[in-house]
Amino acid sequence: MTLEKANASLKEKDELLTQLSSKDWFYIDLILRELRSICVRVSNEDEMTVISANVVCTPEYFFTQCELFKSHIDHFIILSELLDGSPDFSELVKLLLSFFHQLFFVYNCGKLIYQTLPNIEHGQDLMNRCKDLISLSISMIDELLLRQDSSTVLRSIETKLNEVLQMKTVILPELSLNDSKNLEDLLFSELSDMDKAIHEAALKIEEMMNKAKKQDKGVKLEVNAKVLDSCTGLMKAILELVKNAKELQKEIVSQGKVGKLVFQRFKFPKKGMANSNEFYQRNHRWTEGLISAAKVVALAATLLVDAADKVVAGSAKFEELMVASQEIAAATAQLVVASRVKADKSSEKMGQLLQSSKKVSEATGNVVATAKNCAQLVEETDTLDFSKLTLHQAKRLEMESQVRVIELETQINKERMRLAGLRKRHYHLGFASEGLDRFIPEN
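Numbering (full-length UniProt numbering), first residue to last: 1 to 443.
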């Protein structure tokens with residue numbers, strides 16, 4: 001009788017333990033499903049979605065967090081080997097929460113690093129590996145929900161994390177090389193060269209105007225005066241735009257819109273602690289964009305003056321002036337885009353820059369319209385009086401005109417091919433100047 005009672009008592013205890021275990025697994029499953037849902041949502045987010053626009057993460061700090069995550073994986077591997085028996089559910093909950101908290105933290109840090117690395121290929125490679133960590137973690141959750149052995153997936157997660165850690169040997173030296181360049185000095189040098197080129201262009205146009213008034217007469221004086229007047233108006237609009245762009249740039253740096261906070265796990269330093277050089281270094285892509293835009297504006301200003309000089313001298317056609325004016329308008333538009341990337345939408349200086357950009361567009365339109373009108377005026381002046389031609393002369397001129405049309409059509413086709421080649425070359429050079437030429441297809 002005593003043995004039967006003992007057996008009954010043991011059976012009751014086993015049933016109670018089974019019920020408790022089932023209840024524990026019920027709550028574990030709830031946690032796992034919620035963590036899986038978070039993983040799916042995180043993996044579907046755009047790479048450009050970050051925790052805060054005012055937060056960055058240094059690569060050194062990112063790799064430190066990866067090392068910490070690796071210790072969580074090691075602990076999980078040990079615990080997973082005990083899940084077949086009666087695991088310590090409190091320890092399992094604690095480890096699940098700490099594991100996925102560190103996973104999401106590493107992933108978000110990786111997104112921030114992805115946006116700041118100068119080498120886009122390495123940034124994308126890092127981002128892909130971070131996404132793989134999330135995908136593998138989802139697989140691990142699925143195996144836990146099915147009460148299957150998850151050690152294999154955990155080993156895969158560990159392998160993938162080691163791949164991320166190995167990128168430290170590539171990324172950190174690149175950043176050290178990038179830091180050795182004083183982007184602030186380089187930017188100011190390019191902006192200074194741009195200012196000089198624009199002022200020299202404006203002075204040269206003024207000199208051409210004075211020379212034309214002294215030497216030219218009649219229709220030639222009228223044409224040259226109109227051309228140079230329109231170019232002068234365009235240069236004034238560009239000078240105003242460049243001035244506003246520089247003012248906006250100063251405002252952006254002083255406000256420290258990006259890069260003044262170092263992403264730390266529990267504490268964030270106060271705003272304003274980074275100096276201007278640190279700001280330019282941390283936001284090197286934006287800085288290099290401004291440098292590139294300044295170079296293009298300076299070059300376009302020189303091309304415009306050369307085109308105007310040739311047109312006034314009669315050694316170039318009005319179409320060349322139209323193209324040159326459109327080129328400098330496109331160059332200043334690039335400067336506006338580069339400036340507004342980091343600008344506050346409500347910035348008064350940003351509004352002034354957009355207004356001056358509009359004036360440049362209007363002035364460019366005026367140069368193009370003036371060139372067309374002057375071309376028509378010159379053409380009307382040079383038009384032949386066909387009423388005095390004989391039958392033989394008219395036939396000969398007609399044949400010559402047909403031959404000229406065929407020649408011009410051939411030249412147009414050749415010139416279109418040449419233009420396509422030049423645009424392709426300019427595309428390659430633009431990427432090469434930014435260190436991105438390796439991404440351009442060979443054909």
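No residue lacks a Cβ here, since even glycine has one placed at the ideal position from N, Cα and C.
Between Cys130 and Val164, how many whole angstroms is the CB-CB distance? I'm expecting something under 8 Å.
As a first step, residue 130 must be located in the sequence shown, where it is residue number 130. As a first step, residue 164 must be located in the sequence shown, where it is residue number 164. Their Cβ separation, rounded to whole angstroms, is 7 Å, which keeps Cys130 and Val164 in contact under 8 Å.
Would you tell me roughly how many angstroms separate the C-alpha atoms of Asn162 and Glu200, rounded to the nearest one?
Along the sequence shown, read from residue 1 onward, the residue named residue 162 stands at position 162. Along the sequence shown, read from residue 1 onward, the residue named residue 200 stands at position 200. If you take the alpha carbons of Asn162 and Glu200, they lie about 57 Å apart.
Using the rule of at least 16 other Cβ atoms within 10 Å of the residue's Cβ for burial, across every protein chain shown, is Ile252 buried or exposed?
Numbered from its first residue, the sequence shown carries residue 252 at position 252. Looking at its Cβ environment, which holds 16 or more other Cβ atoms inside 10 Å, Ile252 is buried.
Asn413 beta carbon less than 8 Å from that of Lys342
Locating residue 342 in the sequence shown gives position 342, counting from the first residue. Locating residue 413 in the sequence shown gives position 413, counting from the first residue. In this structure, Asn413 does not lie closer than 8 Å to Lys342 by Cβ.
Just the C-alpha distance for Ile138 and Glu288, rounded to the nearest angstrom, thanks.
The count along the sequence shown starts at 1 and reaches residue 138 at position 138. The count along the sequence shown starts at 1 and reaches residue 288 at position 288. Taking the straight line joining both Cα atoms gives about 39 Å.
Hey, Ala363 and Ala331: beta-carbon distance below 8 Å or not?
Counting from one through the sequence shown, the residue named residue 363 turns up at place 363. Counting from one through the sequence shown, the residue named residue 331 turns up at place 331. Not closer than 8 Å, so no.
Reduced DSSP secondary structure (H/G/I, E/B, other) of Cys39
Position 39 of the sequence shown, counted from the first residue, corresponds to residue 39. In the structure shown, Cys39 sits in a helix (DSSP, three-state: H, G or I).
Does the stretch 322-341 touch the stretch 352-368, meaning 3 or more C-beta pairs lie closer than 8 Å?
yes
May I ask you to report which of helix, strand or coil DSSP gives Asn108?
Within the sequence shown, the letter at position 108 stands for residue 108. Helix at Asn108.
Using only alpha-carbon positions, find the residue among Val337, Thr370, Met417, Gln355 that is nearest to Ser230.
Against the sequence shown, residue 230 aligns to sequence position 230. Nearest of Val337, Thr370, Met417, Gln355 to Ser230, Cα basis: Thr370.
Could you tell me which uninterrupted alpha helix (DSSP H) segments, each at least 4 residues in length, are contained entirely in the stretch 164-247, listed from first to last along the chain?
168-179, 183-215
How many whole angstroms separate the CB atoms of Ala308 and Leu228, which I take to be in contact at a CB cut-off of 8 Å?
Here residue 308 is taken as the residue at index 308 of the sequence shown, counted from 1. Here residue 228 is taken as the residue at index 228 of the sequence shown, counted from 1. The Cβ separation is near 7 Å, so the contact holds.
By Cβ distance, which residues of its chain are closer than 6 Å to Thr232, with the 5 residues on each side in sequence left out?
The count along the sequence shown starts at 1 and reaches residue 232 at position 232. Excluding residues within five positions, the ones whose Cβ falls inside 6 Å are Ile205.
Environment of Pro173 [buried if 16+ CB atoms lie within 10 Å]:
As a first step, residue 173 is located in the sequence shown; it is residue number 173 there, counting from the start. Under this definition Pro173 is an exposed residue.
Evaluate contact between the stretch 345-358 and the stretch 237-247, counting only Cβ atoms and requiring at least three cross-stretch pairs below 8 Å.
yes
In whole angstroms, what separates the C-alpha of Gln148 from that of Cys57?
Walking along the sequence shown from the start, residue 148 turns up at place 148. Walking along the sequence shown from the start, residue 57 turns up at place 57. Rounded to the nearest angstrom, the two C-alpha atoms are 37 Å apart.
Could you check where the alpha helix (DSSP H) with Ser135 kicks off and where it finishes?
Numbered from its first residue, the sequence shown carries residue 135 at position 135. Taken as a continuous stretch (DSSP letters only), the alpha helix (DSSP H) holding Ser135 covers 120-145.
What's the gap between the Cα of Ser192 and the Cα of Val296?
Looking up residue 192 in the sequence shown gives position 192. Looking up residue 296 in the sequence shown gives position 296. Cα to Cα, the separation comes out at about 13 Å.
Exposure of Asn224, with buried meaning 16 or more beta-carbon neighbours within 10 Å:
By one-based count along the sequence shown, residue 224 stands at place 224. The residue in question, Asn224, is buried, as its Cβ has 16 or more Cβ neighbours within 10 Å.
Inter-residue spacing [alpha-carbon to alpha-carbon] between Arg396 and Val405
Mapped onto the sequence shown, residue 396 falls at position 396. Mapped onto the sequence shown, residue 405 falls at position 405. Cα to Cα, the separation comes out at about 14 Å.
Which of helix, strand or coil does DSSP assign to Val341?
If you number the sequence shown from 1, residue 341 lands on position 341. Of the three classes helix, strand and coil, the one that applies to Val341 here is coil, per DSSP.
Excluding the 5 residues preceding and the 5 following Ala293 in the sequence, name in chain order all residues of the same chain whose CB lies nearer than 6 Å to its CB.
Within the sequence shown, numbered from 1, the residue matching residue 293 stands at position 293. Excluding positions up to five away in sequence, the list reads Gln334, Leu335, Ala338.
If distances are taken between C-alpha atoms only, which option among Ser37, Ala197, Lys310 comes closest to Ala212?
Translated into positions along the sequence shown, residue 212 becomes position 212. Comparing Cα-Cα distances from Ala212 to each of Ser37, Ala197, Lys310, the minimum goes to Lys310.
So, for Lys349: in the same chain, excluding its five sequence neighbours on each side, which residues have a beta-carbon less than 8 Å away from its beta-carbon?
As a working note, residue 349 is residue 349 in the sequence shown. Correct list, in chain order: Asn244, Glu247, Leu248, Glu251, Ala343.
In chain order, what residues of the same chain have a beta carbon less than 8 Å from the beta carbon of Arg423, not counting five sequence neighbours either side?
To locate residue 423, count along the sequence shown from 1; it is residue 423. None.
Relative to the alpha-carbon of Arg33, which residue among Gln215, Phe318, Leu146, Met322 has its alpha-carbon at the smallest distance?
What you label residue 33 is simply residue 33 of the sequence shown in a count that begins at 1. The option with the nearest alpha carbon to Arg33 is Leu146.
In chain order, what residues of the same chain lie with their CB nearer than 7 Å to the CB of Asp185, ignoring the 5 residues before and after it?
What you label residue 185 is simply residue 185 of the sequence shown in a count that begins at 1. Once the five neighbours on either side are set aside, Asp185 has no close Cβ partner at all.
Where Lys317 sits in the DSSP three-state scheme:
Position 317 of the sequence shown, counted from the start, is the residue given in the question as residue 317. If DSSP states are grouped into helix, strand and coil, Lys317 belongs with coil.
By the three-class DSSP mapping on this structure, what secondary structure does Asp74 have?
Along the sequence shown, read from residue 1 onward, the residue named residue 74 stands at position 74. DSSP places Asp74 in helix when its eight states are reduced to three.
Write down the C-beta distance between Phe89 and Leu35 rounded to the nearest angstrom, noting that I regard them as a contact closer than 8 Å.
Counted from its first residue, the sequence shown places residue 89 at position 89. Counted from its first residue, the sequence shown places residue 35 at position 35. With a Cβ gap of about 16 Å, Phe89 and Leu35 do not count as contacting.
Going by the CB atoms, is the gap between Leu126 and Tyr114 shorter than 8 Å?
What you label residue 114 is simply residue 114 of the sequence shown in a count that begins at 1. What you label residue 126 is simply residue 126 of the sequence shown in a count that begins at 1. Closer than 8 Å, so yes.
Return the Cβ separation of Leu103 and Phe69 in integer angstroms, given the expectation that the two are a contact with Cβ distance under 8 Å.
As a working note, residue 103 is residue 103 in the sequence shown. As a working note, residue 69 is residue 69 in the sequence shown. The pair is a contact, with the Cβ atoms about 6 Å apart (cut-off 8 Å).
So, are the CB atoms of Ala93 and Ile28 less than 8 Å apart?
On the sequence shown, position 93 is the one that residue 93 refers to. On the sequence shown, position 28 is the one that residue 28 refers to. At residue 93 the sequence reads Val, which differs from the Ala that was named. In contact: Val93 and Ile28 (Cβ atoms closer than 8 Å).
For Met194, which option in Phe63, Ile291, Pro59 has the closest C-alpha, if you only look at C-alpha atoms?
As a working note, residue 194 is residue 194 in the sequence shown. When only C-alpha atoms are compared, the closest one is Ile291.
Is the separation between the beta-carbon of Met208 and that of Val312 shorter than 8 Å?
The residue given as residue 208 occupies position 208 in the sequence shown. The residue given as residue 312 occupies position 312 in the sequence shown. Cβ distance < 8 Å, so Met208 and Val312 count as in contact.
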